[in-house]
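Here is the structure we will look at.
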Amino acid sequence: GGWRPLFDGSPLDGWTFYQEGVGNIDTAGAVSIDNGVLHFLGPRYRSSDAPPGHISTVAEWENYHLRLQYRYGVSRWPPRKLQRRNSGILYHMGPERDRLFPDCVEFQLEEGDVGDAIMVNTLALQGPLLGGTPLWPNWIPAFPADYQQPVDAGGIRRQWHRHAGAYERLDDWNTVDLYAFGDQAAHLVNGRIVTTLFRMRKRDAAGNLTPLTKGRIALELEWAEILFRDIMIRPLDAGTIALIRKQGSD
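In terms of the working numbering, the sequence shown has 53 at position 53, counting the first letter as 1, and numbering is strictly consecutive.
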């Protein structure tokens, strides 16, 4: 219960656009809407190259369950014309609207890596595998609590937390779910948890680590045609969160 459209099939009211080298106005039709489906880099795209970008919500979100479906198209562009098709969901994203990657967490949608978590100038403890599945819904205090050292490249510090289990369909629609409440999150692919994150952190203006609990939500375009549909979100109230902490789901 409590679901509402995050994208309602109409023009991008409540969303902003950004594409590297293009800016905040979609001059080449990188994003189109076909019968309520968001289509990135589709047949009506009018450019010989396809630099990466995203659309993002104006509003910040916290304590929510996000669900959407995605499917890749066939078109790809240099320099990744021969590489895996790539996109992602960015969440708990910072307020900057003129950057490709404001500080955030990425729910990776790249072929072969669907469900990975990439911490962009942020930190998290990855849920350890217990019997082959990621720890959820509660952190066990006995586990080590040292953060993985980020890799610093291109002015961005990244942690990359790998998924457990391959459940994606390469040439059909996939359903992905994101549970994000407090400073933890779970990534699901076609109904299975593949990655969990705990004690998510960001640095404040003074350089101190503070809990990362909210931010904008974005959908990426990255040199590959992709479609999104049924983009839904529901708030998680205190009672629902307590039930998830008790039994893993609601």
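Ideal Cβ placement from N, Cα and C applies to all residues, glycine included.
Completely contained alpha helix (DSSP H) runs for the region 98-176, where each covers 4 or more residues: none
Reference D171; option with closest CA among A124, Y147, G207, L227: L227
Limits of the unbroken alpha helix (DSSP H) element including K202: Taken as a continuous stretch (DSSP letters only), K202 belongs to no alpha helix (DSSP H), being part of the beta strand (DSSP E) at 192-203.
W223 beta carbon less than 8 angstroms from that of A28: no
8 angstroms Cβ cutoff met for L6 and I231: yes
Per DSSP, the bridge partner or partners of H92: Note: H92 sits in no beta bridge, so no partner.
Option in L100, E110, Q148 with minimal Cα separation from R76: E110
Option nearest A238 by Cα separation, candidates R229, F198, A180: A180
As assigned by DSSP and simplified to three states, the class of G248: coil
Supposed close pair L221, S87 - CB separation, criterion 8 angstroms: 7 angstroms
Cβ-based burial, D8 [other Cβ within 10 Å; buried from 16]: exposed
Three-state secondary structure (DSSP) of A242: helix
Three-state class that DSSP yields for T27 in the structure shown: coil
Proximity winner among N174, I140, L123, relative to V151 (alpha-carbon distances): L123
Alpha-carbon to alpha-carbon, T175 and D116: 15 angstroms
Buried versus exposed call for D146 [16 or more other C-beta atoms within 10 Å across all chains shown]: exposed
Endpoints, beta strand (DSSP E) assigned at P235: 224-235
Option in E60, K246, S56, L125 with minimal Cα separation from D89: The amino acid occupying residue 89 in the given sequence is Ile; Asp does not appear at that position. Of E60, K246, S56, L125, the residue nearest in Cα terms is S56.
Residue nearest to A218 in terms of C-alpha spacing, selected from K81, V22, R99, V194: R99
Counterpart residues of D183 in DSSP-defined beta bridges: DSSP, once it has assigned bridges, lists no residue as partnering D183.
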